[in-house]
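Taking it in order: structure first as structure tokens, then the write-up.
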Amino acid sequence: MRIHIATDHAGFEEKNALVEFLREQGHDVTDHGAHHFDADDDYPAFCIDCAKAVAADPSALGIVIGGSGNGEQISANKVPGVRAALVWNHEIARLARQHNDANIISLGARQHSQAELEEFVTAFLEEPFSKAERHQRRIDQISAYENAR
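Residue 27 is where the sequence shown starts when you use my numbering, and the numbers rise one by one after that.
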């Protein structure tokens, strides 16, 4: 699977470990930065670049990481076509894909261990969208609003 990933300084080490973890599983990973640790860097540009890449490729998924994951999710969701979900446990990772067809997972590196981050990402990547009519209808409503602006 093609996976795009991004972070700022707050998730720098976790992002690098996730890139290695995902590549070991055979995924094609594109790292949108940060590419070196800078305690003063800002997450929006990294997350928006990741989100633009995901929006341009419907077969890809994305991962954005920060201290809490909140700002990263907000940034990614500014890109049309992106449905980024803040994930804090295994079940939320599954539901984000199953019910919302989320195409980006947002994670808080300061909130979880590396093992938990890997668990959440794995659950997110493995869970398919249910394609249930009620879920698709709701996604279509969100998309209609997004496209009308």
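All residues carry an ideal CB built from backbone N, CA and C; glycine is no exception.
Check                                                                                           : Outcome
Beta-carbon proximity check, N129 vs L87, cutoff 7 Å                                            : yes
When D68, V105, W114 and R120 are compared against S139, the one with the closest alpha-carbon  : W114
Proximity winner among K104, K78, F150 and L112, relative to S94 (alpha-carbon distances)       : L112
Which of helix, strand or coil DSSP assigns to S132                                             : strand
Within the stretch 84-149, ranges of the beta strand (DSSP E) (whole runs, at least 3 residues) : 87-92, 110-112 and 130-134
Contact check, A149 vs A174, beta carbons under 7 Å                                             : no
Cα-Cα separation, F155 to A82                                                                   : 19 Å
Range covered by the alpha helix (DSSP H) that runs through H161                                : E159 to A174
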